[in-house]
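Start counting the sequence shown at 129; every next residue gets the next number (my numbering). Glycine included, C-beta positions come from ideal geometry on N, C-alpha and C. Heads up: the structure comes next, in structure tokens.
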Amino acid sequence: MTTTTSRRQSAFGLGQFITRNALGVAIAAGITGAAALLHQFGLATAIGLPILSILIAMGIGNVIPAPAASLPGLQIAARPLLRFGIILLGLQVTLDDLLALGLLPLAALVTLVLGTMGFTVWMGRLLGVKKSLTVLIASGTSICGASAVMATASTISAKDEDVAYGVAMVTLFGSVAMTVLPMASAFLEFNPMAHGFWTGGTIHEVAQAVAAAFQHSEDGGTVGTMVKLARVLMLVPVLLLVGVLFNRGTKDAPSKRPPFPTFVLGFMAMVGVNSIIEVPTDLRVHFATLTACILSMSLAAIGFQTRFPALLARGPRPLLLAAVSSCFISGAGLLLALALFP
Numbered sequence: 129m130t131t132t133t134s135r136r137q138s139a140f141g142l143g144q145f146i147t148r149n150a151l152g153v154a155i156a157a158g159i160t161g162a163a164a165l166l167h168q169f170g171l172a173t174a175i176g177l178p179i180l181s182i183l184i185a186m187g188i189g190n191v192i193p194a195p196a197a198s199l200p201g202l203q204i205a206a207r208p209l210l211r212f213g214i215i216l217l218g219l220q221v222t223l224d225d226l227l228a229l230g231l232l233p234l235a236a237l238v239t240l241v242l243g244t245m246g247f248t249v250w251m252g253r254l255l256g257v258k259k260s261l262t263v264l265i266a267s268g269t270s271i272c273g274a275s276a277v278m279a280t281a282s283t284i285s286a287k288d289e290d291v292a293y294g295v296a297m298v299t300l301f302g303s304v305a306m307t308v309l310p311m312a313s314a315f316l317e318f319n320p321m322a323h324g325f326w327t328g329g330t331i332h333e334v335a336q337a338v339a340a341a342f343q344h345s346e347d348g349g350t351v352g353t354m355v356k357l358a359r360v361l362m363l364v365p366v367l368l369l370v371g372v373l374f375n376r377g378t379k380d381a382p383s384k385r386p387p388f389p390t391f392v393l394g395f396m397a398m399v400g401v402n403s404i405i406e407v408p409t410d411l412r413v414h415f416a417t418l419t420a421c422i423l424s425m426s427l428a429a430i431g432f433q434t435r436f437p438a439l440l441a442r443g444p445r446p447l448l449l450a451a452v453s454s455c456f457i458s459g460a461g462l463l464l465a466l467a468l469f470p
């Protein structure tokens with residue numbers, strides 16, 4: 129009798145959960161589906177699925193405000209679903225990606241990532257940019273673009289408007305770098321190693337970096353891909369560092385326990401699985417597609433709730449910060465590429 133009652137209560141609770149969140153999740157899924165459909169018809173293919181999803185969502189959301197009934201589901205898609213997507217991202221990299229680089233290039237890459245993070249945070253303070261937005265721009269520029277912005281946002285509980293702004297900035301300047309760096313590399317007559325290190329080590333999004341790296345040669349593309357995936361692996365220590373340091377200097381820092389991004393453990397576990405077990409290529413492709421769809425749904429949920437006036441209210445300083453940060457990582461990466469692969 130007690131068991132039957134307990135099962136009924138569980139079923140009722142699950143039904144309530146689904147009913148409460150279905151509309152918001154369906155909106156996020158529908159927007160992502162629309163973006164995927166555009167890609168299927170060969171439209172807007174220069175824009176990645178996650179970025180296209182947030183652009184469509186922001187356009188719709190600023191014309192048709194989110195219904196109150198959709199808000200719980202949108203929050204589910206924007207936060208817990210996002211963490212699951214970041215966990216699955218671990219299946220795209222292995223520890224071999226790190227070891228294949230060699231000790232000196234790896235040390236240079238770690239220096240570049242941490243140096244860009246530190247410089248951006250310092251410059252953000254100098255420009256008077258809000259702390260949370262500064263950290264989002266710093267992580268997105270230093271590591272892997274929109275994915276890093278979203279993972280960091282989940283760690284520091286950033287506002288949706290800050291997440292949308294951070295994603296927009298790293299996408300904008302990553303696109304500029306994807307266009308400019310291959311031309312500059314050709315002008316400087318870089319060898320495949322130097323080209324791969326520069327593009328993979330400095331361009332924001334994984335897809336952008338890989339596309340730019342392969343514009344040189346097959347070897348240059350392979351090196352660039354390995355370097356970029358090694359940067360993705362640095363998401364783990366950077367998130368842990370951000371979780372510990374973010375609350376320093378705030379009024380309630382002594383009493384506030386630093387947040388631990390538990391989804392990082394899942395990310396590390398997936399990296400471990402992918403490093404130990406040889407996952408078939410077809411299955412990895414399917415997981416990569418699933419990861420892109422999940423992250424796209426999260427960005428769609430965030431974009432649907434983001435208002436253009438809230439973005440404009442942040443003024444030109446965050447834009448300047450993102451530009452300076454992107455110039456810093458490109459310039460520092462260029463110097464390291466010249467020193468390592470003359």
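G176 versus L448, A451, I204, T417, residue with shortest Cα-Cα distance: Mapped onto the sequence shown, residue 176 falls at position 48. Selected option, being the one with the closest Cα: T417.
N-terminal and C-terminal residue of the alpha helix (DSSP H) that R253 is part of: Taking the first residue of the sequence shown as position 1, residue 253 is located at position 125. Per DSSP, R253 belongs to the alpha helix (DSSP H) from 231 to 255.
Enclosing alpha helix (DSSP H) for Q433 [first to last residue]: Numbered from 1 along the sequence shown, position 305 holds the residue referred to as residue 433. Segment: none, Q433 is in no alpha helix (DSSP H) and carries neither H nor E.
Given 8 Å, three or more beta-carbon pairs between the region 447 to 454 and the region 204 to 212: no
C-beta contact flag for G243 and L264 at 7 Å: Against the sequence shown, residue 243 aligns to sequence position 115. Against the sequence shown, residue 264 aligns to sequence position 136. Against a cut-off of 7 Å, the Cβ pair of L264 and G243 comes out as no contact.
Closest residue to G161 among I146, P365, I182 (Cα-Cα distance): By 1-based counting over the sequence shown, the position of residue 161 is 33. Residue I182 is the option with its Cα nearest to G161.
Euclidean distance between Cα positions of C272 and M362: As a first step, residue 272 is located in the sequence shown; it is residue number 144 there, counting from the start. As a first step, residue 362 is located in the sequence shown; it is residue number 234 there, counting from the start. So the alpha carbons of these two residues sit roughly 9 Å apart.
Neighbour-count burial assignment, D290, 16 or more Cβ in a 10 Å radius: Along the sequence shown, one-based indexing puts residue 290 at 162. Burial call: buried.
7 Å Cβ cutoff met for G201 and L151: Sequence index remark: in the sequence shown, residue 201 carries index 73 (1-based). Sequence index remark: in the sequence shown, residue 151 carries index 23 (1-based). Yes, these two residues count as a Cβ contact at 7 Å.
Sub-7 Å separation of G268 and L449 beta-carbons: Your numbering for residue 268 matches position 140 in the sequence shown. Your numbering for residue 449 matches position 321 in the sequence shown. Taking 7 Å as the Cβ cut-off, G268 and L449 do not qualify as a contacting pair.
Cα-Cα separation, A335 to D347: Indexing the sequence shown from 1 puts residue 335 at position 207. Indexing the sequence shown from 1 puts residue 347 at position 219. Computed Cα separation, rounded: 17 Å.
CB of F391 within 7 Å of CB of I215, strictly: In the sequence shown, counting from the first residue as 1, residue 391 sits at position 263. In the sequence shown, counting from the first residue as 1, residue 215 sits at position 87. Their beta carbons are under 7 Å apart, which means F391 touches I215 by this criterion.
Neighbourhood of K473 by C-beta, 6 Å cutoff - its chain only, sequence neighbours within 5 removed: Residue numbering for the chain in the displayed model covers 129 to 470; residue 473 lies beyond these limits and cannot be assessed.
8 Å Cβ shell around R385 - same chain, five flanking residues per side excluded: Numbered from 1 along the sequence shown, position 257 holds the residue referred to as residue 385. The pLDDT assigned to R385 is 48, lower than 50, so where the model puts this residue is not dependable, and the model offers no usable value.
Three-way DSSP call (helix, strand, coil) for H332 in this model: Here residue 332 refers to the residue found at position 204 when the sequence shown is read from its first residue. Of the three classes helix, strand and coil, the one that applies to H332 here is coil, per DSSP.
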